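Undergrad: Residue numbers (my numbering), protein chains in the order written: chain A, 4 to 198; chain B, 4 to 198.
Laid out in structure tokens, this is it:
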């Protein structure tokens with residue numbers, strides 16, 4: 004069953020009955036994206052919450068100087084969207100782009116509102132998921148203020164254990180807010196075991 | 004009824020029956036704090052979600068150099084806590100301190116877990132509230148990257164219309180990530196109408 008990873012993921016927080024799984028399955032779309040394709044584009048309304056079945060994506064922001072800032076990555080079993088745009092159905096600030104060919108489960112805003120009424124325990128599930136996202140976002144602000152780049156890099160590897168080999172180094176540097184050269188230096192230090 | 008502002012606030016998102024209001028009232032504590040008193044202390048576990056009936060508070064982080072960074076303010080009808088600490092019941096990164104004498108409705112972690120079972124619509128309420136907090140936190144990251152300080156200050160005044168007269172200017176500067184002198188300059192420019 005293609006949606007099994009989604010049901011397993013939700014089941015970690017609040018198990019769904021077979022009937023509820025069927026209701027959910029009836030409202031989602033599975034969609035394939037190519038490497039480089041945009042799932043959300045800055046200025047458009049973000050219509051879907053996206054659950055990653057396979058592949059990887061980056062969420063980024065372009066500042067007034069045209070510089071790209073990566074705010075998060077998403078890999079298998081993560082959710083990705085411009086949540087601000089999705090919940091208020093207003094134009095997105097962020098872009099979400101595929102770093103590899105990706106398969107996503109898409110849940111539209113309207114369908115999710117219906118599902119909240121049909122499966123109230125999804126309120127609990129999304130409350131917990133968004134709580135985690137909020138806490139992670141706040142920690143990231145603190146870490147950027149107070150943690151040396153090397154520790155932030157080690158934390159990144161812990162948070163996204165599967166992604167390091169899959170995305171270019173300059174993107175990891177962008178996520179960490181450092182230059183590619185500095186990231187290179189940190190990596191060589193770690194490999195050679197010096198501190 | 005002392006808790007009426009809390010019921011009104013929740014009612015904006017999901018109205019509670021009288022029975023549900025009574026259940027909630029049975030599980031909260033109303034507590035008075037003095038100006039300067041800490042509601043959450045860095046290193047302690049944050050035991051309560053706090054709804055502000057009156058007064059004002061700041062949430063701040065002390066970096067490794069001992070510098071204070073204000074991450075949010077809270078005034079009447081806002082919630083405040085170290086959410087990461089609260090939801091995982093682990094030591095807090097932040098401090099929450101009263102800027103004025105304040106009256107808070109406190110809801111403990113254990114009581115909230117019970118209330119989620121007794122009043123499932125509170126799942127919905129907190130999902131929406133945390134969604135808003137997450138979106139605001141993400142916007143703040145973007146604004147810090149891309150918006151001139153003057154616009155960030157104007158946005159601050161819009162977001163916290165009641166707080167500017169109530170807290171010292173240096174705290175607003177800390178929240179905006181600028182110096183007190185620069186904030187002063189922005190304010191004089193706005194008063195004199197120049198740009």
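Each residue gets a CB set at the ideal place from its N, CA and C atoms; glycine is no exception.
Values in this document were obtained by computation on a predicted structure and should not be read as measured data.
What are the boundary residues of the beta strand (DSSP E) that residue 73(A) is part of?
TA: Position 70 of the first chain, counted from the first residue, corresponds to residue 73(A). Taken as a continuous stretch (DSSP letters only), the beta strand (DSSP E) holding residue 73(A) covers 71–77.
Undergrad: Would you call the region 111–125 of chain A and the region 36–51 of chain B in contact, with 3 or more CB pairs under 8 Å?
TA: no
Undergrad: Count the C-beta pairs between the region 86–94 of chain A and the region 88–100 of chain B that are closer than 8 Å, then say yes if the count reaches three, no if not.
TA: Three or more beta-carbon pairs separated by less than 8 Å are not found between the region 86–94 of chain A and the region 88–100 of chain B, which leaves the two stretches without contact.
Undergrad: With 8 Å as the threshold, decide whether the Cβ of residue 77(A) is near any Cβ in chain B.
TA: Your numbering for residue 77(A) matches position 74 in the first chain. Chain B, which has no Cβ nearer than 8 Å to the Cβ of residue 77(A), makes this no.
Undergrad: Buried or exposed: which applies to residue 96(B), given that a residue is buried once 16 or more other Cβ atoms fall within 10 Å of its Cβ?
TA: As a position in the second chain, residue 96(B) is number 93, starting the count at 1. When all chains shown are included, residue 96(B) counts as buried.
Undergrad: Specify the secondary structure class of residue 94(A) as computed by DSSP and reduced to three states.
TA: Position 91 of the first chain, counting from 1, holds the residue named residue 94(A). If DSSP states are grouped into helix, strand and coil, residue 94(A) belongs with the strands.
Undergrad: For the region 151–163 of chain A against the region 104–114 of chain B, are there 3 or more C-beta pairs whose distance is under 8 Å?
TA: no
Undergrad: May I ask you to report which of helix, strand or coil DSSP gives residue 53(A)?
TA: In the first chain, residue 53(A) corresponds to position 50, counting from 1. Residue 53(A): strand per DSSP, three-state reduction.
Undergrad: Just curious, the beta strand (DSSP E) that residue 143(A) is in, first and last residue?
TA: Along the first chain, read from residue 1 onward, the residue named residue 143(A) stands at position 140. Taken as a continuous stretch (DSSP letters only), residue 143(A) belongs to no beta strand (DSSP E), being part of the alpha helix (DSSP H) at 124–149.
Undergrad: Shorter than 8 Å from the beta carbon of residue 178(B) to some beta carbon of chain A?
TA: On the second chain, position 175 is the one that residue 178(B) refers to. No, residue 178(B) does not count as interfacial toward chain A.
Undergrad: Considering only C-alpha positions, which residue in the set 181(A), 141(A), 33(A) is nearest to residue 73(B)?
TA: As a position in the second chain, residue 73(B) is number 70, starting the count at 1. The residue with the shortest Cα to Cα distance from residue 73(B) is 141(A).
Undergrad: Could you tell me whether any Cβ in chain A is nearer than 8 Å to the Cβ of residue 47(B)?
TA: For the purposes of this step, residue 47(B) is taken as the residue at position 44 of the second chain. Not closer than 8 Å to any Cβ of chain A, the Cβ of residue 47(B) fails to qualify, so no.
Undergrad: Could you tell me which residues DSSP puts in a beta bridge with residue 2(A)?
TA: The structure shown does not extend to residue 2(A), since chain A spans only 4 to 198, so no value can be given for it.
Undergrad: CB-CB under 8 Å to residue 36(A), same chain, minus the five flanking residues each way: which ones, in chain order?
TA: Counted from its first residue, the first chain places residue 36(A) at position 33. Result list for residue 36(A): 42, 58, 101, 104, 105, 106, 107, in chain order.
Undergrad: First and last residue of the beta strand (DSSP E) that includes residue 34(B)?
TA: Against the second chain, residue 34(B) aligns to sequence position 31. 32–36 is the extent of the beta strand (DSSP E) around residue 34(B).
Undergrad: What does the alpha-carbon distance come out to for the pair residue 82(A) and residue 54(A)?
TA: What you label residue 82(A) is simply residue 79 of the first chain in a count that begins at 1. What you label residue 54(A) is simply residue 51 of the first chain in a count that begins at 1. Cα to Cα, residue 82(A) sits roughly 4 Å from residue 54(A).
Undergrad: In chain A, which residues lie less than 7 Å from residue 129(B) when you measure between Cβ atoms?
TA: As a position in the second chain, residue 129(B) is number 126, starting the count at 1. Correct list: 130.
Undergrad: Cβ of residue 36(B) less than 8 Å from any chain A Cβ?
TA: Position 33 of the second chain, counted from the start, is the residue given in the question as residue 36(B). Residue 36(B) does not count as touching chain A.
Undergrad: For residue 96(A), go through chain B and note every residue whose CB falls closer than 9 Å to its CB, in chain order.
TA: Position 93 of the first chain, counted from the start, is the residue given in the question as residue 96(A). Those are 141, 142, 145, listed as they occur along chain B.
Undergrad: Chain B partners of residue 12(A), CB-CB under 9 Å?
TA: Within the first chain, the letter at position 9 stands for residue 12(A). Simply none; closest approach about 17 Å.
Undergrad: I'd like to know if residue 138(B) contacts chain A, where contact means its C-beta is closer than 8 Å to some C-beta of that chain.
TA: Residue 138(B) sits at position 135 when you count from the first residue of the second chain. So yes, residue 138(B) belongs to the interface.
Undergrad: Taking C-alpha atoms, which residue in 79(A), 191(A), 99(A) lies nearest to residue 85(A)?
TA: Sequence index remark: in the first chain, residue 85(A) carries index 82 (1-based). Ranking the options by Cα distance to residue 85(A), first place goes to 99(A).
Undergrad: Hey, out of 144(B), 6(B), 153(B), 24(B), whose CA is closest to residue 183(B)'s CA?
TA: By 1-based counting over the second chain, the position of residue 183(B) is 180. That would be 153(B), whose Cα lies nearest to the Cα of residue 183(B).
Undergrad: By DSSP, does residue 86(A) sit in helix, in strand, or in coil?
TA: Within the first chain, the letter at position 83 stands for residue 86(A). Three-state result, residue 86(A): helix.
Undergrad: I'd like to know if residue 175(A) contacts chain B, where contact means its C-beta is closer than 8 Å to some C-beta of that chain.
TA: One-based indexing of the first chain puts residue 175(A) at position 172. Taking Cβ atoms only, chain B never reaches closer than 8 Å to residue 175(A), which makes this a no.
Undergrad: Determine the direct distance from the alpha carbon of residue 16(A) to that of residue 8(A), and round the result to whole angstroms.
TA: Residue numbering aside, residue 8(A) sits at position 5 when the first chain is read from its first letter. Residue numbering aside, residue 16(A) sits at position 13 when the first chain is read from its first letter. So the two alpha carbons sit approximately 13 Å from each other.
Undergrad: On the three-state DSSP scale, how would you describe residue 64(A)?
TA: Here residue 64(A) refers to the residue found at position 61 when the first chain is read from its first residue. In the structure shown, residue 64(A) sits in a strand (DSSP, three-state: E or B).
Undergrad: Any beta carbon from chain A within less than 8 Å of residue 87(B)'s own beta carbon?
TA: The residue given as residue 87(B) occupies position 84 in the second chain. So, interface residue.
Undergrad: Please list, in chain order, all residues of the same chain as residue 165(A) whose beta carbon is under 6 Å from its beta carbon, the five residues on each side excluded.
TA: By 1-based counting over the first chain, the position of residue 165(A) is 162. Counting only Cβ-Cβ distances below 6 Å, and skipping sequence neighbours, we find 78.
Undergrad: Would a C-beta distance cut-off of 8 Å place residue 130(B) and residue 133(A) closer than the cut-off?
TA: Within the second chain, the letter at position 127 stands for residue 130(B). Within the first chain, the letter at position 130 stands for residue 133(A). The answer is yes: Cβ separation under 8 Å.
Undergrad: Do residue 52(A) and residue 6(A) have their C-beta atoms closer together than 8 Å?
TA: Residue 52(A) sits at position 49 when you count from the first residue of the first chain. Residue 6(A) sits at position 3 when you count from the first residue of the first chain. Going by C-beta atoms, residue 52(A) is not nearer than 8 Å to residue 6(A).
Undergrad: Is residue 18(B) close to chain A? Criterion is C-beta to C-beta, closer than 8 Å.
TA: Locating residue 18(B) in the second chain gives position 15, counting from the first residue. Not closer than 8 Å to any Cβ of chain A, the Cβ of residue 18(B) fails to qualify, so no.
Undergrad: Give the residues of chain B in contact with residue 66(A), contact being defined as C-beta atoms less than 7 Å apart.
TA: Working through the first chain from its first residue, we reach residue 66(A) at position 63. Result: 148, 149.
Undergrad: Rounded to whole angstroms, what's the CA-CA distance from residue 22(A) to residue 167(A)? Just pull it up for me.
TA: Translated into positions along the first chain, residue 22(A) becomes position 19. Translated into positions along the first chain, residue 167(A) becomes position 164. About 38 Å.
Undergrad: Under the rule that 16 or more other beta-carbon atoms within 10 Å means buried, what is residue 24(A), buried or exposed?
TA: The residue labelled residue 24(A) in the question sits at position 21 within the first chain. Residue 24(A) is buried by the Cβ-count criterion.
Undergrad: Locate the alpha helix (DSSP H) running through residue 195(A), then write down its first and last residues.
TA: The residue labelled residue 195(A) in the question sits at position 192 within the first chain. Counting along the chain, the alpha helix (DSSP H) containing residue 195(A) begins and ends at 183–195.
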